[in-house]
Ligand SMILES: O=P(O)(O)O[C@H]1O[C@H](CO)[C@@H](O)[C@H]1O
Ligand SMILES: O=c1cc[nH]c(=O)[nH]1
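Numbering (our numbering), first residue to last: 9 to 288.
This is the structure in structure tokens:
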């Protein structure tokens with residue numbers, strides 16, 4: 009019986025927050041922020057079962073087209089997401105794909121488009137405790153390409169680019185606070201990031217990319233644009249099912265490539281398309 013340790017808290021061999029132990033979840037895991045999205049995810053799998061639900065961490069595992077896959081909700085924001093990645097990494101997860109919603113900040117992004125992030129601006133409020141601001145929050149190339157290949161195969165409209173992860177939903181994303189409160193930095197951030205070509209706001213990608221990169225694990229994200237801050241449109245849920253299907257398919261592509269060792273997960277055409285999209 010292991011001695012309970014404050015330095016690495018576990019409870020009966022399970023990670024203290026997600027309450028899962030080694031080998032209890034497959035190494036390919038989808039990370040929605042919202043625990044409620046787990047229902048939408050398992051609805052697309054061939055079979056599934058509930059694993060645990062503690063705090064904001066609802067976990068399931070199942071099979072999608074023959075591939076073993078897991079999903080764990082992270083809750084909103086970097087801090088709770090960092091806990092999820094830390095504890096999942098310790099029980100054997102090596103591939104993390106965030107499946108979320110996002111607010112587009114470029115005028116030409118239609119609602120329902122899925123945003124595939126290849127890097128994230130680190131306003132997440134958690135990665136700064138892991139690495140200096142100069143360290144990049146970069147997704148893993150083969151995960152990005154697998155997501156692109158999946159979106160192409162499924163005919164889901166997508167964009168590939170940089171996303172910005174913020175620590176707050178309101179001021180952090182240039183929304184006025186209660187009674188219209190704002191300050192210089194909150195007011196300018198959206199316009200600044202727009203000018204830099206950032207595609208959208210969300211709140212977890214930078215944390216996931218930074219930690220996976222530091223730990224030599226793989227990460228990517230695919231988020232449904234449910235809002236556009238330029239046109240001021242908002243349609244909760246639009247594109248979420250498509251984002252989930254793209255993530256499932258990307259896991260299948262990666263798992264097959266992993267099994268066959270070294271096979272590129274993306275065809276040359278898709279590689280070309282992805283690069284062309286990245287650079288306009
Ligand atoms: O829909 P999820 O995955 O939660 O993602 C987005 O939604 C929340 C804000 O509404 C934040 O978590 C943001 O990242
Ligand atoms: O505008 C949005 C929409 C979803 N998630 C965010 O963080 N911002």
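All residues carry an ideal CB built from backbone N, CA and C; glycine is no exception.
Assigned exposure category for residue i - 16 Cβ within 10 Å defines buried
i, result
"residue 191", "exposed"
"residue 209", "buried"
"residue 17", "exposed"
"residue 238", "exposed"
"residue 268", "exposed"
"residue 14", "exposed"
"residue 106", "buried"
"residue 184", "exposed"
"residue 44", "exposed"
Ligand 2 heavy atom lying under 6 Å from the CB of residue i
i, result
"residue 235", "yes"
"residue 44", "no"
"residue 111", "yes"
C-alpha gap between residue i and residue j, whole angstroms
i, j, result
"residue 59", "residue 200", "42 Å"
"residue 225", "residue 187", "43 Å"
"residue 159", "residue 96", "26 Å"
"residue 197", "residue 205", "12 Å"
"residue 256", "residue 180", "30 Å"
"residue 164", "residue 134", "31 Å"
"residue 25", "residue 173", "23 Å"
"residue 232", "residue 112", "9 Å"
"residue 170", "residue 215", "14 Å"
Limits of the alpha helix (DSSP H) - the one that residue i falls within
i, result
"residue 217", "213-222"
"residue 196", "192-203"
"residue 162", "149-162"
"residue 90", "86-98"
Span of the beta strand (DSSP E) around residue i
i, result
"residue 235", "226-236"
"residue 130", "122-131"
(request) Closer than 6 Å is what we want: which residues have a beta carbon that near any heavy atom of ligand 1? List them in chain order. (result) Those residues, listed in chain order, are 40, 41, 42, 84, 108, 109, 177, 210, 211, 212.
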